[in-house]
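Some notes on the structure that comes next.
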Amino acid sequence: MKLRIPITVYFTIYYFLLLWLYHYKIITYFYWDNIALMKEGSFDLSTNRLAISIAIFFLNAFCLSGIRKTKFAFISLSIFFVLLTVPSLIAFTSGEMYPLEVLGYHQLFFFGFFAFSFIKIDFSGIPVLNKRQALYLLLLVTTIGVIPYLLVYGPHINLKNLLFLDVYQTRSTMGGLSNPYFGYTYSLFTKIIIPLIIVFSLELKNKVLALVGVLYLVLFYLFGAHKTVYVGLILVLVFYRWSYSQTVKRILNYSSLLIVICLLLAWVNYDYPWILSFRRVHFLPTLLDISYIDFFEGKPLYWSESVLKQFFEYPFDVRHEYLIGEVYFNRPDMAANNGLISDGFMNLGGWGVAINVFIVAVYFMILNSLKIPSKYFGLYFLVIFSFLSSSLSIVILTHGALVLLLISIFLLNQKDNNYKTN
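The sequence shown lines up with residues 462 to 883 when you count with the numbering used here.
Spelled out as structure tokens, the structure:
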């Protein structure tokens, strides 16, 4: 008889391993020393806060386990929980260095997302293209959309980039030729549209169109020599055969195993694995939350860098991410990007956080109301990750969140009989 381990057990193991890594190694990194020196404090463990953190963790895990494991909301909130909520709870154990206010914002996001996951919108009356129609539409969009790239970038294509030669020279050249159209569409094509062309072609057993999709992806690589163009396809293929519950368990298992490996290597003074992984992905955002909320307390930007720049004057000489990099990390060249919590606070304080939470919760509420097969979840993983490391407006417009939502409604939404089969 196969042993069925509750999902809460996986989350618990992950939480305590990450807690160990945080207090054993993460807080010794010089970024944390800089902030501690600036705020005249310490990131040492607070036992009282540890007890509160554990209690809140189990409350969050209990709520999460109450969502049906076959639902889109379950896997989405689980990944936010792993990458955003748990690191926040662990950083909270560092005493007064991590303000209670910041923990409150993260819990607002968790419970806001959780509450909206039970709200349903009926999309049954909206027409959905079948897979073959969707494939042809995506091919048409890509064929037309690539023309401006060919006109501007085409004469500067360097085939040596295929062998990873002259990469930085190409990036510099192409960067000087960029324009708003390229900025808004590059991620759409490489991370969403072309990966779907390849996957749909494989599902329909059309090897010719699958090859066309691969060639388009290679062409977009040559437009900028950015290896990240392949990330969307890789993620789709990685998640393709996993159900929603299997995906969460595998992410937790692999993450926990990686934490153990990082701890063992750190024990013999080899620190690069945890520096490049958990420090960067899990805990640097928590440090940025502290920095942004400390800096922008009482002086919001009112979205003067983006959607409302015509109405409000931006008060600084450099962009906010470089400003934070200089003030809190002594690195003027560091782009200290912010996620949905710090982005909201930076623009309108606590109300800005609430607005961001509402928008993201509604976004995933719509996706959860659809019937999206788990095999396409790799497309959404990138969007989730973007919400954690970029401003909300950039994620929606530049990183493809809005377009992916439309594709989900009109192309990926499945009828009941097909959905059950998938």
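Cβ atoms here follow ideal geometry from the backbone N, Cα and C, with glycine treated the same way. Just so it is clear, the structure is predicted and the values come from calculations on it, not from any experiment.
Kindly indicate which three-state DSSP category Phe777 falls into: helix, strand or coil? coil
State the CB to CB distance for the pair Tyr753 and Met807, rounded to an integer number of angstroms; the pair is presumed to be in contact (CB under 8 Å). 5 Å
Given that a residue counts as buried once 16 or more other Cβ atoms are within 10 Å of its Cβ, and exposed if not, what is Ser869? buried
Three-state secondary structure (DSSP) of Lys881: Its pLDDT being 43, under 50, Lys881 is placed unreliably in this model, and the value from its coordinates should be taken loosely. Lys881 falls in the helix class under three-state DSSP.
Length at least 4, wholly inside the region 691-769: the alpha helix (DSSP H) runs in chain order: 692-700, 705-728 and 745-756
Specify the secondary structure class of Gln630 as computed by DSSP and reduced to three states. helix
Give me, in chain order, the residues of the same chain whose beta-carbon lies closer than 6 Å to that of Glu766; leave out the 5 immediate sequence neighbours on both sides. Tyr775
Relative to the alpha-carbon of Phe848, which residue among Asn798, Met826, Leu831 and Ser830 has its alpha-carbon at the smallest distance? Asn798
Between the alpha carbons of Arg593 and Ile785, how many angstroms are there, rounded? 48 Å
Pairwise C-alpha distance: Tyr733 and Tyr880: Residue placement at Tyr880 is flagged as unreliable, the pLDDT there being 43, under the threshold of 50; the coordinate-derived value follows with that caveat. Taking the straight line from one Cα to the other gives about 43 Å.
Span separating the alpha-carbon of Asn878 from that of Ser507: Note that Asn878 has pLDDT 45, beneath the 50 cutoff, so the model's placement of it is unreliable and no number is given.
Tell me where the alpha helix (DSSP H) around Met499 begins and ends. Phe491 to Lys500
Looking at the structure shown, is Phe504 part of a helix, part of a strand, or coil, going by DSSP? coil
Can Cys524 and Phe575 be called in contact, C-beta distance under 8 Å? yes
Spatial neighbours of Met462 within its chain, please: CB distance less than 6 Å, with the 5 preceding and 5 following residues excluded, ordered by chain position. Confidence at Met462 is low in this model, with a pLDDT of 46, below 50, so the placement of that residue should be treated as unreliable; the coordinate-derived value is given next. Around Met462: no qualifying Cβ.
Is DSSP giving Gln568 helix, strand or coil here? helix
Over what stretch of residues does the alpha helix (DSSP H) that includes Thr473 continue unbroken? Ile468 to Tyr485
Just the Cα atoms here: how many angstroms apart are Pro761 and Ile820? 19 Å
Rounded to a whole number of angstroms, what is the C-alpha to C-alpha distance between Tyr483 and Ile551? 8 Å
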